[in-house]
Amino acid sequence: MFDIRRLHKEEYAKAAALADRTFRDDTQISMATAFPALFSAHLGQGFGAFEHGELVTFLGIMPYWIHVDSARIPVYALGSVCTDSRYRGRKLASQVLEAVLDHARAAGAPLLLISGDGPLYRRIHCAPFGVAYAHRLTAPNHLRRDGGHAAGRADWQIREFKPTDWFRVHALANARAVRYEQSLVDLATAIASNPLASCAHSVHHALVAEQDGEVRAFAVLAVPYREDDEAPTVVTEWAGDAAACAAIFHHILCKGTQQRPLQLFLSESENDALAPFLETIQAERQRNQGTVCILSAEKLFADLKPYCQARDAELAATLSAKPADANRTTLTIGEHTLTVTPEELIAFVFDTGTPPNEHAPISHWSSEIEILRQRLFPIPFPFTGGLNFI
Numbered sequence: 085m086f087d088i089r090r091l092h093k094e095e096y097a098k099a100a101a102l103a104d105r106t107f108r109d110d111t112q113i114s115m116a117t118a119f120p121a122l123f124s125a126h127l128g129q130g131f132g133a134f135e136h137g138e139l140v141t142f143l144g145i146m147p148y149w150i151h152v153d154s155a156r157i158p159v160y161a162l163g164s165v166c167t168d169s170r171y172r173g174r175k176l177a178s179q180v181l182e183a184v185l186d187h188a189r190a191a192g193a194p195l196l197l198i199s200g201d202g203p204l205y206r207r208i209h210c211a212p213f214g215v216a217y218a219h220r221l222t223a224p225n226h227l228r229r230d231g232g233h234a235a236g237r238a239d240w241q242i243r244e245f246k247p248t249d250w251f252r253v254h255a256l257a258n259a260r261a262v263r264y265e266q267s268l269v270d271l272a273t274a275i276a277s278n279p280l281a282s283c284a285h286s287v288h289h290a291l292v293a294e295q296d297g298e299v300r301a302f303a304v305l306a307v308p309y310r311e312d313d314e315a316p317t318v319v320t321e322w323a324g325d326a327a328a329c330a331a332i333f334h335h336i337l338c339k340g341t342q343q344r345p346l347q348l349f350l351s352e353s354e355n356d357a358l359a360p361f362l363e364t365i366q367a368e369r370q371r372n373q374g375t376v377c378i379l380s381a382e383k384l385f386a387d388l389k390p391y392c393q394a395r396d397a398e399l400a401a402t403l404s405a406k407p408a409d410a411n412r413t414t415l416t417i418g419e420h421t422l423t424v425t426p427e428e429l430i431a432f433v434f435d436t437g438t439p440p441n442e443h444a445p446i447s448h449w450s451s452e453i454e455i456l457r458q459r460l461f462p463i464p465f466p467f468t469g470g471l472n473f474i
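Dropping the structure here:
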């Protein structure tokens with residue numbers, strides 16, 4: 085008989101040890117170092133399955149606020165899902181996941197972000213969502229530092245991040261309309277702990293771009309630390325003036341020591357901002373990282389109300405959602421009502437109407453509803469594979 089419950093304070097060290105045995109090799113830092121909040125007894129967001137007091141399955145969740153322009157959404161992210169090798173195949177993760185879902189709903193989170201897309205998550209109706217753009221830059225001429233206009237060329241000083249930069253860097257990060265909410269300490273911790281970077285045998289390296297002595301942009305890079313690793317350097321996070329960011333990327337590609345390609349994963353709004361500075365290389369249009377589960381459409385629409393009202397106040401006043409049965413949701417928009425599956429609900433909120441891959445569900449609503457939907461949706465969303473990856 086297994087005990088499914090939230091972890092006690094003294095059990096988080098055991099959770100980190102189980103995660104390390106599952107996900108880490110001898111060259112990688114501990115999961116507790118890379119994801120300190122996920123294994124924090126103070127937050128108390130870990131769930132597990134226990135047999136005779138021994139932790140055999142662990143699921144960690146992290147609470148975030150995500151800003152969507154004027155709206156602020158409470159979100160949980162799920163990660164470090166692991167089961168002791170002796171206990172695999174017993175569906176323990178599924179049982180613990182049910183406890184996680186109950187907890188997230190009780191906390192008032194309408195969304196659960198998940199880094200994976202396996203059967204465990206498909207069973208609870210998680211689905212790929214949104215859009216992201218992958219750019220692989222291999223030469224300096226893949227970037228226009230002046231946005232294509234010679235007269236507007238700016239001279240940027242690119243340098244290493246310094247501890248005296250924190251206030252300005254944090255202000256730049258917070259100026260993004262679509263973002264994860266971060267305190268200055270949150271941002272510093274995420275950069276120092278190398279969360280996603282450590283999973284790829286990489287380490288963070290931060291650069292800033294200055295103009296007239298003022299920091300105008302910053303970028304956090306995940307640089308592979310193994311000499312035989314041919315993986316690209318990945319831009320994990322960036323913020324600030326798009327031209328200044330392009331100058332940082334140009335600087336990296338110009339350095340003689342930088343022999344690796346530079347990989348960017350951009351949300352739609354980020355891609356639009358950097359588009360004038362990217363040469364005509366073909367970006368790969370793909371899904372946002374991982375999958376999402378909408379726990380409550382009614383709560384999500386309520387949280388999105390400021391954003392929707394700014395888009396179209398009259399139409400936003402007609403938008404509503406209520407459960408139709410155990411899985412489906414009934415939506416009202418304008419004078420139209422429709423009942424959707426969980427996967428269709430995700431498409432309704434996050435899809436552009438031109439899915440980037442074959443995994444998107446086929447929309448079953450009419451063209452009239454689609455015209456109305458596109459007046460409010462899709463919502464912009466930050467790329468989930470950055471500093472706040474869980």
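Heads up, the sequence shown is in the working numbering, so the first residue is 85 and it goes up one at a time.
Every residue, glycine too, gets a C-beta built ideally from N, C-alpha and C.
Being a predicted model, the structure only gives us computed values, none of them experimental.
- Setting aside the 5 residues that flank it on each side, proline 466 is surrounded in the same chain by Ile150, Val262, Arg263, Tyr264, Ser351, each with a C-beta closer than 7 Å to its C-beta; the list follows chain order.
- By a beta-carbon distance limit of 8 Å, glycine 469 contacts phenylalanine 349. Their separation comes to about 6 Å.
- For isoleucine 150, the enclosing beta strand (DSSP E) covers residues 138-152.
- DSSP places serine 451 in the helix class (H, G or I) of the three-state scheme.
- In the structure shown, alanine 284 falls within a coil segment according to DSSP collapsed to helix, strand and coil.
- Membership of proline 203 in any beta strand (DSSP E) is not indicated; the residue belongs instead to the alpha helix (DSSP H) covering 203-206.
- Residue state for leucine 388 is assigned as coil, using DSSP reduced to three classes.
- In terms of CA proximity to alanine 315, Gln347 leads the group Val376, Ala103, Gln347.
- Excluding residues up to 5 positions away in sequence, Ile417, Phe432 lie with their Cβ nearer than 7 Å to the Cβ of arginine 457 in the same chain.
- About 24 Å separates the Cβ atoms of arginine 395 and proline 212, ruling out a contact at the 8 Å cut-off.
- DSSP places histidine 219 inside the beta strand (DSSP E), whose first and last residues are 216-221.
- Beta-carbon to beta-carbon, alanine 183 and phenylalanine 134 are separated by about 12 Å, too far to satisfy the 8 Å threshold.
- With respect to phenylalanine 473, glutamine 393 sits apart: the two C-beta atoms are not nearer than 9 Å.
- For tryptophan 322, the uninterrupted beta strand (DSSP E) segment begins and ends at 317-324.
- Counted as a single uninterrupted DSSP element, the beta strand (DSSP E) harbouring aspartate 87 occupies residues 87-90.
- Under DSSP, cysteine 377 takes part in a beta bridge, and its partners are Leu196.
- Among the bridge pairs identified by DSSP, isoleucine 430 is matched with none.
- Counting the other Cβ atoms within 10 Å of the Cβ of isoleucine 463 gives 16 or more, which makes it buried.
- Rounded to the nearest whole angstrom, the CA to CA distance from tryptophan 240 to glutamate 294 is 6 Å.
- Taken through DSSP and simplified to helix, strand or coil, serine 351 comes out as strand.
- Rounded to whole angstroms, the Cβ separation of alanine 99 and leucine 139 is 6 Å, and the two are in contact under 8 Å.
- For the pair alanine 405 and phenylalanine 434, the CB atoms are not nearer than the 9 Å cut-off.
- In this structure, leucine 195 sits near valine 376, with a CB-CB distance shorter than 9 Å.
- The beta carbons of alanine 191 and tyrosine 160 sit closer together than 9 Å.
- According to the DSSP secondary-structure assignment, glutamine 370 is paired through a beta bridge with Ala216.
- Per DSSP, glutamate 182 is one residue of the alpha helix (DSSP H) stretching across 176-191.
- Remark: three or more beta-carbon pairs, one from each stretch, lie closer than 8 Å, so the stretch 315-335 and the stretch 273-290 are flagged as touching.
- A contact between stretches requires three or more CB pairs, one per stretch, nearer than 8 Å, and the stretch 197-206 fails this requirement with the stretch 398-415.
- With a beta-carbon spacing of about 6 Å, leucine 291 and isoleucine 242 fall inside the 8 Å limit used to define contacts.
- The beta carbon of histidine 219 sits closer than 6 Å to the beta carbons of Leu348, Ala367 from its chain, once the five residues preceding and following it are set aside; these are given in chain order.
- Note on arginine 300: 16 or more other CB atoms within 10 angstroms of its CB, so buried under the neighbour-count rule.
- Annotated three-state conformation of glutamate 311 is coil, per DSSP.
- Counting of Cβ neighbours within 10 angstroms places aspartate 186 among the exposed residues, the total staying below 16.
- Look at serine 277 here: in three-state DSSP terms it is helix.
- Taking the Cα of serine 178 as reference, the smallest distance to any Cα among Leu204, Ile145, His285, Leu399 is reached at Leu204.
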